[in-house]
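Heads up: the sequence shown runs through residues 1 to 192, numbered per UniProt numbering.
Notes follow the structure.
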Amino acid sequence: MTITWGAALRPKLGQHVSGDAYLVLPYDTDQVLVSVIDGLGGGDAAADAARRAVTVLERHPNLDLNDLMQRADRALAGSRGAVMALLRIDDRNRTAEFVGVGNIGVHVYSNLVIKPISKNGIVGYRLPQLLRLTYTYNSGDIFVLYSDGITSRFVTEPPPDLRQPPQQIAEEILTRFGKENDDATVVVVRCE
Numbered sequence: 001m002t003i004t005w006g007a008a009l010r011p012k013l014g015q016h017v018s019g020d021a022y023l024v025l026p027y028d029t030d031q032v033l034v035s036v037i038d039g040l041g042g043g044d045a046a047a048d049a050a051r052r053a054v055t056v057l058e059r060h061p062n063l064d065l066n067d068l069m070q071r072a073d074r075a076l077a078g079s080r081g082a083v084m085a086l087l088r089i090d091d092r093n094r095t096a097e098f099v100g101v102g103n104i105g106v107h108v109y110s111n112l113v114i115k116p117i118s119k120n121g122i123v124g125y126r127l128p129q130l131l132r133l134t135y136t137y138n139s140g141d142i143f144v145l146y147s148d149g150i151t152s153r154f155v156t157e158p159p160p161d162l163r164q165p166p167q168q169i170a171e172e173i174l175t176r177f178g179k180e181n182d183d184a185t186v187v188v189v190r191c192e
């Protein structure tokens, strides 16, 4: 199996920096850690919170997702805080694990029912009891993680051409469904 991905990000209209961040980090031959992080508010303080979370993820990608979220929570203490989603794809076992805090959206194009659920809270301020969910996936499934700068109505609208490369899918979602009044990020991961 092969994992391909694409991402698109842009700051709020009139801003020079985005408070959103993402990470797609392959490791251990057949594992990929995927995250979308939305620092609260906007501007430099939000970007700092998102960068802190990315640093934790880059340093410890192989930790249990709950432990990883707890480390991010400690690293963001004293910052503005963030909402974030973590997705670990295990290519060898065809499983996907998910943990989310706050309003990062996830949509999966699959013939299986895969509905990741995030818990309300703020990483760095009020971490909830975490819920780690594990799913199996099929070849061809596409995971889409997105910040609240992408309107969730894209899941009810006709989808982009899913035969396109993930980068083109991400760019199309951002163009069609990105909100100008918020930072916007979308990551698309295809498992083949």
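A virtual CB, placed ideally from N, CA and C, is assigned to each residue, including glycine.
Bear in mind that the values here come from a model prediction, so they are computed numbers and not experimental data.
Within the region 34-122, the alpha helix (DSSP H) runs of at least 4 residues that lie entirely inside it are, in chain order, 43-59, 65-76.
For the pair glutamate 157 and arginine 126, the CB atoms are not nearer than the 9 angstroms cut-off.
Using a 10 angstroms sphere on the CB of histidine 16, the tally of other CB atoms stays under 16, which defines it as exposed.
With contacts defined by Cβ atoms closer than 9 angstroms, serine 147 and aspartate 20 form a contacting pair. In this structure, alanine 7 sits away from valine 123, with a CB-CB distance that is not shorter than 9 angstroms.
Annotation for isoleucine 114: Val108, Tyr135 place their beta carbon closer than 6 angstroms to its own, counting only its chain and skipping 5 residues before and after.
Following the DSSP letters along the chain, one finds arginine 176 inside the alpha helix (DSSP H) bounded by residues 166-177.
Across the set Gln167, Gly39, Gln168, Ala82, the C-alpha of Ala82 shows the shortest separation from the C-alpha of proline 128. If you draw a 10 Å sphere on the C-beta of leucine 112, you find fewer than 16 other C-beta atoms in it, and that means exposed. Phenylalanine 143 is a Cβ neighbour of isoleucine 89, given a cutoff of 9 angstroms. Of the residues Arg52, Gln70, Ile3, the one whose Cα lies closest to the Cα of arginine 80 is Arg52. Residue environment analysis places proline 11 among the buried positions, since at least 16 neighbouring C-beta atoms fall within 10 angstroms of its C-beta. Rounded to whole angstroms, the separation of the alpha carbons of aspartate 44 and leucine 25 is 24 angstroms. At least 9 angstroms separates the beta-carbon of tyrosine 22 from that of leucine 13. When only Cα atoms are considered, leucine 76 and leucine 131 end up about 20 angstroms apart.
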